[in-house]
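Here the protein sequences come in this chain order: V and H. Mapping of the first sequence onto my numbering: residues 1 to 462, in sequence order. Mapping of the second sequence onto my numbering: residues 463 to 924, in sequence order. Glycine residues also receive a C-beta, built at the ideal position from the N, C-alpha and C atoms. One structure below.
Protein chains: 2
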Amino acid sequence: MGVGSRERLVVVGGDAAGMSAASQARRRRDGGGLEIVVFERGNFTSYSACGIPYLVGGVVADPGRLIARDPDTFRSAFDIEVYLRHEVTGIDLGRRAVRVRDLDGGGQRWEGFDQLMVATGAVPARPSLPGADAAGIHGVQVLDDGLAIRRVLDGQRPRRAVVVGGGYIGLEMAEALVMRGLQVALVDAAPQPMTTLDEDMGALVADALRKVGVTLHLGERVTGFDTAAGRVRAVTTANRVLPAELVILGLGVRPNTALARSAGLAVGATGGIITDRRMRTEAAGVWAAGDCVQTRHLVSGAPVAIALGTHANKQGRVAGINLGGGYATFPGVVGTAVSKICGVEVARTGLTEAQAVRAGFDPLAVVVASTTRAGYYPGAAPIKTKIVAERRSGRLLGAQIVGEEGAAKRIDGLAIALWNGMTVEEMTGLDLAYAPPFSPVWDPVLIAARKAADLVERTPCR
Amino acid sequence: MGVGSRERLVVVGGDAAGMSAASQARRRRDGGGLEIVVFERGNFTSYSACGIPYLVGGVVADPGRLIARDPDTFRSAFDIEVYLRHEVTGIDLGRRAVRVRDLDGGGQRWEGFDQLMVATGAVPARPSLPGADAAGIHGVQVLDDGLAIRRVLDGQRPRRAVVVGGGYIGLEMAEALVMRGLQVALVDAAPQPMTTLDEDMGALVADALRKVGVTLHLGERVTGFDTAAGRVRAVTTANRVLPAELVILGLGVRPNTALARSAGLAVGATGGIITDRRMRTEAAGVWAAGDCVQTRHLVSGAPVAIALGTHANKQGRVAGINLGGGYATFPGVVGTAVSKICGVEVARTGLTEAQAVRAGFDPLAVVVASTTRAGYYPGAAPIKTKIVAERRSGRLLGAQIVGEEGAAKRIDGLAIALWNGMTVEEMTGLDLAYAPPFSPVWDPVLIAARKAADLVERTPCR
């Protein structure tokens, strides 16, 4: 319970969203007015989950570098009390208290709150298949997962690995394992890796993976895992048996909302907690942010749950500003994502062509091949840019980029154009930066906009 | 005169604007309906003037690589007749004809037109100082200038060079000459190089220049040139004498409008030809585009003349679409520019803090230091981002970036935000691409927007 007149904020989950909220709340209200207590069931606060593949691949040597701030820093510099290895196991909205279990045997207790911040993150999808719990099968969700995989690589020195799932994490892990010298096979039920891209663009990513030696088994569903003495020996699909001493699961994540549901907080169709744009749940004084919530896709208008550190940080910041008495909103997302896989940069924003059709749009699409710099300038690298636009209005609906060094961050400009509802015709006039080391005189983004605008113009008015 | 019923388009100037217009007109109207004739006084068509410093510095070996398309290609593939070394010396709007001089002794003749495209480009500013016409003093405007400087470097092998003028071209040439092993001094009357940046950001560029060994003499005006036997020996300023066997003039350019003026076409306060957004001059059937026109600055609302290949290409395209019977507009510019100097990437868009004050705004400004990638990811390079916003409304007014590899192209996102009139508060929610090889979890652009938004919030309402 809050002590005397001092209000008490309890934060459930000490990663991006939770700690951003705590920090922002503290910036606006000092310790005399607001006590802040964070319960985190894991061993770390505020680390970069996106950095795990680089830790595994050896690009980053020291795991400590992935940690932005540790509990001591939060305590001393921000007057925020953090309890690691403390899991919140219940929320009683009536009593305004959470039940906390000390995972190191300290038992269970109730902790009161005036304001509650739910930042419980996501849980990895785990297939309910025979053998799925065997040793040697690893998810990639928390920093401890990354450390565990690294220990396996350094200790048992496996030769063969299978990655199940061809999303961002699966592909980044495949690359990391190739870098560590393993033979790597990747299995995905979809006909292409990275289904957040259209097939034509996904095929470019598949080529890049094959080029560095990853064996792709696409359109194949995993049916189980062969084990011996509790250890994985192979991954089985409908078509084959893939021997492996190490298996990485990259099957995506879903919002971790068991706690929120049991407390009666509303959860949407995506599985994420429902909040308003100020990150308030429907319960008074209860906020939620990060991978555990759903948000709005600003192009399709549909609710979406996208687990991404950058959204978690922004939503946490917004919740914290509001918690602290300020005013801020998180309006939604346009679905921007970027990754670097085997030297190929991949980025996307908005809707793919296929998604646009499913969302009820009549889209047109163009793909243009260009270079990242002026063709004559050293280091000019190939870049393919796909633009999807509404056929009649020319309104930008989405974009995808696959290219080499210097290609992918161009997606930001497209994401901002999308955010502002620009048409491809308007985009042809955009004043983008040009100099030979940075772009051809027509930036690839402008070339794509031009080609798309040409198609819009030729669309007959019926 | 147009032959029979076939219309005739005459294009004056065969570089970016002129050839873009010709190509677009041809795409929409074939040779049976529209004859296209281009007169270019120089030796080349459609080359990258921005590539000249790289040709001089040896980054690009073959000058042919700077030429996008030669006259033969235009003739054979586009049915566009190009006459090189043909200078248009007069326009008679009444007779609808231009007077053309064959610079290789072929005399002078009149050529009729139905439509006229004026794309006469810019002329470099040359100081009217004693000795300014001496051998060894070179402007950097056309490809021949670059070839001439390269011949000097390869033949006479000068040891010492002075660059007069610290704008983009001056700085890029200073770097090129350092790369060629010369001792280089740079003189500018302004207290900083690159006056298109605020002083705090310009100082970072000055540091980069000094680091590679360029001696800077800032706040010093050139008073003349010492010569011997018609060759330059030194540059004199109010404070000193700088010995040099090679002098580069980088004093900027102004619209080349002598021809347009003499024909009675309206020229604005900037010295550029006045057109509407479809690139029509006030004379029927007469169009203009490129470095010779003025356009609108979309932030200040003021007319500006900015000589940049990217604008020339876009304006030429718009003129050509309209010429060909289509509809397109060039709405204006936001003043985006980028350059790479001695390993430092520099970019700007919109108004600087100083320009914002001069334009009558009450601006606030923030500068944030961050990194181009996640701090723990190899190759994370420093980036400083400055954002200028209107103090009361929070509307973005401009931005500047100085950093290393991967920094500068972020200006595109800021230019698009500016184009759309976004406020810094809105920008804090932008869905920009995040992954460790590309950005910290808060992109530097978002950090700058956040800091600026904090200041807007704290602005008292009076």
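Test: residue i CB closer than 8 Å to a CB of chain V
| i | result |
| --- | --- |
| Lys-871 (chain H) | yes |
| Ser-801 (chain H) | yes |
| Val-925 (chain H) | No answer is possible for residue 925 (chain H): the residues shown for chain H start at 463 and end at 924. |
| Ile-631 (chain H) | no |
| Gly-875 (chain H) | yes |
| Asp-893 (chain H) | yes |
| Pro-793 (chain H) | yes |
| Thr-885 (chain H) | no |
| Val-602 (chain H) | no |
| Tyr-545 (chain H) | no |
| Ala-897 (chain H) | yes |
| Met-463 (chain H) | For Met-463 (chain H), the predicted model reports a pLDDT of 45, less than 50, meaning its position is unreliable and no value from the coordinates is stated. |
Residue interval of the beta strand (DSSP E) (run including residue i)
| i | result |
| --- | --- |
| Val-808 (chain H) | 806-812 |
| Arg-99 (chain V) | 97-102 |
Where the alpha helix (DSSP H) containing residue i begins and where it ends
| i | result |
| --- | --- |
| Leu-446 (chain V) | 444-457 |
| His-297 (chain V) | Neither: His-297 (chain V) is in no alpha helix (DSSP H) and is coded neither H nor E. |
| Thr-89 (chain V) | Segment 86-92 is the beta strand (DSSP E) holding Thr-89 (chain V); no alpha helix (DSSP H) there. |
| Ala-206 (chain V) | 199-211 |
| Glu-282 (chain V) | Run containing Glu-282 (chain V): none; DSSP gives neither H nor E here. |
| Thr-833 (chain H) | Here Thr-833 (chain H) belongs to no alpha helix (DSSP H); instead the beta strand (DSSP E) covers 825-833. |
| Ala-774 (chain H) | 771-785 |
CA nearest to the CA of residue i, picked from the options
| i | options | result |
| --- | --- | --- |
| Arg-358 (chain V) | V:Thr-372, V:Gly-301, V:Tyr-327, V:Thr-329 | V:Gly-301 |
| Val-333 (chain V) | V:Arg-348, V:Arg-99, V:Ile-341, V:Val-222 | V:Arg-348 |
| Ser-832 (chain H) | H:Gln-817, H:Glu-888, H:Ala-870 | H:Ala-870 |
| Ala-670 (chain H) | H:Val-806, H:Gly-856, H:Asp-524 | H:Val-806 |
| Cys-754 (chain H) | H:Val-830, H:Ala-720, H:Ser-510 | H:Ala-720 |
| Arg-26 (chain V) | V:Asp-72, V:Ala-389, V:Phe-44, V:Glu-81 | V:Glu-81 |
| Asp-532 (chain H) | H:Phe-506, H:Arg-872, H:Arg-547, H:Ala-523 | H:Phe-506 |
| Glu-282 (chain V) | V:Val-60, V:Leu-298, V:Leu-265 | V:Leu-265 |
| Ser-76 (chain V) | V:Ile-36, V:Gly-51, V:Thr-196, V:Arg-159 | V:Ile-36 |
| Ala-288 (chain V) | V:Ser-262, V:Gly-324, V:Gly-121 | V:Gly-121 |
| Val-522 (chain H) | V:Pro-255, V:Val-235, V:Gly-42, V:Ala-374 | V:Ala-374 |
| Val-500 (chain H) | H:Gly-519, H:Glu-549, H:Leu-517, H:Gly-526 | H:Glu-549 |
| Val-366 (chain V) | V:Tyr-376, V:Thr-352, V:Val-388 | V:Val-388 |
| Glu-7 (chain V) | V:Pro-436, V:Gly-33, V:Ser-20 | V:Gly-33 |
| Glu-404 (chain V) | V:Ala-449, V:Ile-306, V:Ile-341 | V:Ile-341 |
| Ile-411 (chain V) | V:Gly-398, V:Gly-324, V:Leu-103 | V:Gly-398 |
Near the ligand GTP: residue i beta-carbon under 7 Å from a heavy atom
| i | result |
| --- | --- |
| Ile-863 (chain H) | Among the components of this structure there are no ligands whatsoever, and the ligand GTP is therefore not found. |
In DSSP terms, what residue i is bridged to
| i | result |
| --- | --- |
| His-217 (chain V) | V:Val-187 |
| Gln-862 (chain H) | H:Arg-810, H:Lys-848 |
| Val-600 (chain H) | Here the sequence assigns His to residue 600 (chain H), which means Val is not the residue at that position. Looking at the DSSP assignment, His-600 (chain H) forms a beta bridge with H:Ile-710. |
| Phe-225 (chain V) | V:Val-235 |
| Lys-871 (chain H) | Bridge partners of Lys-871 (chain H): none, in fact. |
| Leu-704 (chain H) | H:Val-697 |
| Met-117 (chain V) | V:Val-11, V:Trp-287 |
| Phe-330 (chain V) | Per DSSP, none; premise fails for Phe-330 (chain V). |
8 Å Cβ cutoff, residue i in contact with chain H
| i | result |
| --- | --- |
| Ile-416 (chain V) | yes |
| Phe-438 (chain V) | yes |
| Asn-420 (chain V) | yes |
| Thr-336 (chain V) | yes |
| Ala-347 (chain V) | yes |
| Ala-452 (chain V) | no |
| Leu-308 (chain V) | yes |
*asked:* To be precise: take each residue of the stretch 772-785 of chain H, compare its Cβ to all Cβ atoms of chain V, and keep it if any distance is under 7 Å. Which residues remain?
replied: Within the stretch 772-785 of chain H, the residues whose Cβ lies closer than 7 Å to some Cβ of chain V are Thr-772, Asn-775, Lys-776, listed in chain order.
*For the stretch 42-68 of chain V, which residues have a beta carbon sitting closer than 7 Å to at least one beta carbon of chain H?*
The residues in question are Ser-48, Cys-50, Gly-51, Tyr-54, Val-59, Val-60, Arg-65, Leu-66.
*asked:* Against chain H, which members of the stretch 105-124 of chain V pass a CB distance test of less than 8 Å?
replied: Listed in sequence order: no entries.
*Members of the stretch 830-846 of chain H near chain V, C-beta cut-off 7 Å*: Going along the stretch 830-846 of chain H in chain order, one finds Ala-836, Tyr-838, Tyr-839, Pro-840 with a Cβ nearer than 7 Å to chain V.
_Residues in the stretch 151-178 of chain V having any Cβ partner in chain H nearer than 9 Å_ = So the close ones are Tyr-168, Glu-172.
*asked:* Residues of the stretch 194-225 of chain V in Cβ contact with chain H at a cutoff of 9 Å, in chain order, please.
replied: Residues of the stretch 194-225 of chain V whose Cβ lies closer than 9 Å to any Cβ of chain H: none.
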